[in-house]
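**Q**
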Amino acid sequence: MAIYVNENTRLIVQGITGKEGSFHAQSCQEYGTKLMGGVTPKKGGTEILNVPVFNTVKEAVREVNPNTTMIFVPAKFASGAIIEAAEAGIELIICITEGIPVYDMMNAKKAVNYNGVRLIGPNCPGIISPELAKAGIMPSSIHKKGNVGVVSRSGTLTYEAVYQLTQLGIGQSTCIGIGGDPIIGTSFIDVLKAFQEDKDTQAICMIGEIGGSAEEEASEFIKDNITKPVVSFIAGLSAPAGKRMGHAGAIITGSKGTAESKMKALTEAGVYVCKNPADLGITIQNAIKMKNLK
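Following this line, the structure appears as structure tokens:
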């Protein structure tokens with residue numbers, strides 16, 4: 003089993019004719035994901051990667067019945083692409099684009115919630131369920147099918163955790179980068195709940211960072227709802243207050259959003275907290291052994 007994407011995923015790519023869109027669409031296709039088509043206004047009726055290109059998402063839904071879209075659209079148009087996909091009834095929207103204005107994302111999230119669909123991102127690497135489907139920009143070769151669920155605000159730290167796990171012979175059920183912007187579609191809690199309900203996910207790796215309160219909120223949810231071992235790392239331990247570190251949401255304001263406060267909350271919730279990202283793999287391995295899991 004896996005969460006959100008699997009062998010039944012039917013993917014389209016908004017912005018498929020652009021350099022980034024076509025490159026990553028091909029990567030997903032080569033991984034085995036069912037690539038059904040793409041959307042680029044004014045290029046409908048053409049083909050790329052042996053799949054049709056449509057002018058609108060609504061046309062794509064009518065003709066090839068996708069359930070997932072991956073968005074590679076410039077930031078000024080990306081919120082419109084999200085809204086278009088939501089209104090067309092696409093069940094899972096994955097927005098890779100970074101730099102989307104906060105006001106635009108407020109409107110996009112309203113559309114997502116109103117239409118009852120799921121958004122992952124923006125400013126994220128996407129999602130992969132190893133050996134089943136990939137809808138993202140992550141390097142396929144480092145992943146291995148297994149039973150550890152990985153969720154992260156950081157793309158590169160997701161890759162680091164996955165690589166360590168695979169090197170130790172530990173596979174992953176699904177790996178998700180939820181994005182590092184102030185407004186995102188899917189939260190840690192959403193993914194933790196899905197991993198808890200997935201019978202084949204036996205342990206969870208959660209990678210957070212400074213800024214906001216998502217990790218503190220997740221720690222409360224873990225304490226009350228998660229029975230599987232959770233290992234976590236919080237990036238930004240040495241970050242100065244008031245200075246944005248990488249992601250738009252990675253900023254400490256006052257006494258809130260610090261790595262220390264997040265690590266404390268997670269530890270009190272029973273999470274195995276790493277102080278060094280290099281320890282993620284071995285900590286997960288030890289957590290699995292302590293729980294007598296395979």
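All residue numbers for the sequence shown refer to our numbering, where the first residue is 3 and numbers rise by one. Glycine is no exception: its CB is placed at the ideal position from the N, C-alpha and C atoms.
#1: Decide yes or no for the touch test of the region 269-286 against the region 159-174: beta carbon pairs closer than 8 Å, at least 3 of them.
#2: According to DSSP, what are the bridge partners of F235?
#3: Look up F197 in the DSSP assignment and give the residues it is bridged to.
#4: What residue range does the beta strand (DSSP E) around Q204 cover?
#5: Which class does S156 belong to by DSSP, given the choice of helix, strand or coil?
#6: Could you please give the first and the last residue of the uninterrupted beta strand (DSSP E) stretch that includes F56?
#7: Could you give the residue range of the beta strand (DSSP E) that holds T71?
#8: With 16 other CB atoms within 10 Å as the buried threshold, where does P231 fall?
#9: Comparing C-alpha positions only, which one of V55, I5, I73 sits nearest to E65?
#10: Would you be able to state if there are at least three C-beta pairs under 8 Å between the region 104-115 and the region 139-158?
#11: Straight-line CA distance for V7 to G91?
#12: Output the distance between the C-alpha atoms of R12 and K36, rounded to the nearest integer angstrom.
#13: State the start and end residues of the unbroken alpha helix (DSSP H) segment that holds M301.
#14: Which residues mark the beginning and the end of the beta strand (DSSP E) in which A137 is found?
#15: Tell me, which residues are paired with R12 by DSSP?
#16: Please list the terminal residues of the continuous alpha helix (DSSP H) segment that includes I84.
#17: Can you tell me whether DSSP reads N149 as helix, strand or coil?
#18: With DSSP collapsed to three states, give me the class of I253.
#19: Can the beta-carbon of G46 be found less than 8 Å from the beta-carbon of E61?
#20: What separation, rounded to the nearest whole angstrom, lies between the Cα atoms of T58 and H26?
#21: Identify, in the order they occur along the chain, each residue of the same chain with its Cβ nearer than 7 Å to the Cβ of T42, setting aside the five sequence neighbours on each side.
#22: Could you pull out every residue in the same chain whose Cβ sits closer than 8 Å to the Cβ of G138, ignoring the five residues on either side in sequence?
#23: Rounded to the nearest angstrom, what separates G312 and A80 at their Cα positions?
#24: Kindly indicate the opening and closing residues of the beta strand (DSSP E) around L268.
#25: Out of G272, T188, A289, which one is the CA nearest neighbour of I228?
#26: Taking buried to mean at least 16 other C-beta atoms within 10 Å of its own C-beta, is E222 buried or exposed?
#27: Nearest-angstrom Cα distance between E49 and G82?
#28: Along the chain, where does the beta strand (DSSP E) containing T176 start, and where does it finish?
#29: What does the Cβ neighbour count give for Q174, buried or exposed, with the cut at 16 atoms within 10 Å?
#30: Measuring CA to CA, which of D106, G187, R120, L51 is closest to P76?
#31: Inspect the beta-carbon positions of E9 and A135 and report whether they are closer than 8 Å.
**A** Taking the definition as stated:
#1: Contact between the region 269-286 and the region 159-174 is present, because at least three Cβ pairs lie under 8 Å.
#2: Partner(s): I209, C276.
#3: Answer is none; F197 lacks a bridge partner.
#4: Premise fails: Q204 is in no beta strand (DSSP E) and is neither H nor E.
#5: S156: coil per DSSP, three-state reduction.
#6: Note, F56: beta strand (DSSP E), 53-56.
#7: 70-73 is the extent of the beta strand (DSSP E) around T71.
#8: It counts as buried.
#9: Comparing alpha carbon positions, the residue from V55, I5, I73 closest to E65 is V55.
#10: They do not touch, by the three-pair rule.
#11: If you draw a straight line from the Cα of V7 to the Cα of G91, it is about 16 Å long.
#12: Spanning the two alpha carbons is a distance of roughly 5 Å.
#13: Any property of residue 301 remains undetermined from this structure, which presents the chain solely from 3 to 296.
#14: First-last of the beta strand (DSSP E) with A137: 135-138.
#15: According to the DSSP secondary-structure assignment, R12 is paired through a beta bridge with K36.
#16: Bounds of the alpha helix (DSSP H) holding I84 are 77-89.
#17: Look at N149 here: in three-state DSSP terms it is strand.
#18: Confidence is the limiting factor: at I253 the pLDDT is only 46, short of 50, which leaves the residue's position unreliable, though a coordinate-based value still follows. Reduced to three states, the DSSP call for I253 is coil.
#19: Yes. Within cutoff.
#20: About 20 Å.
#21: Excluding sequence neighbours, T42 sits near G17, I18, T19, V55.
#22: Excluding sequence neighbours, G138 sits near H26, C30, M72, I96, I98, C126, P127, G128, I129, I130, G179.
#23: Here the chain comprises residues numbered 3 to 296, so residue 312 is not present and cannot be evaluated.
#24: Note, L268: premise wrong, no beta strand (DSSP E); alpha helix (DSSP H) at 261-270.
#25: Nearest of G272, T188, A289 to I228, Cα basis: G272.
#26: With a 10 Å radius around the Cβ and a threshold of 16 neighbouring Cβ atoms, E222 comes out exposed.
#27: Approximately 23 Å, taken between the alpha carbons.
#28: Looking at the DSSP string, the run of the beta strand (DSSP E) that includes T176 is 174-179.
#29: In the assembly as shown, Q174 is a buried residue. Its beta-carbon has 16 or more other beta-carbons within 10 Å.
#30: Closest option to P76, judged by alpha-carbon separation, among D106, G187, R120, L51: D106.
#31: Remark: C-beta atoms of E9 and A135 approach each other more closely than 8 Å.
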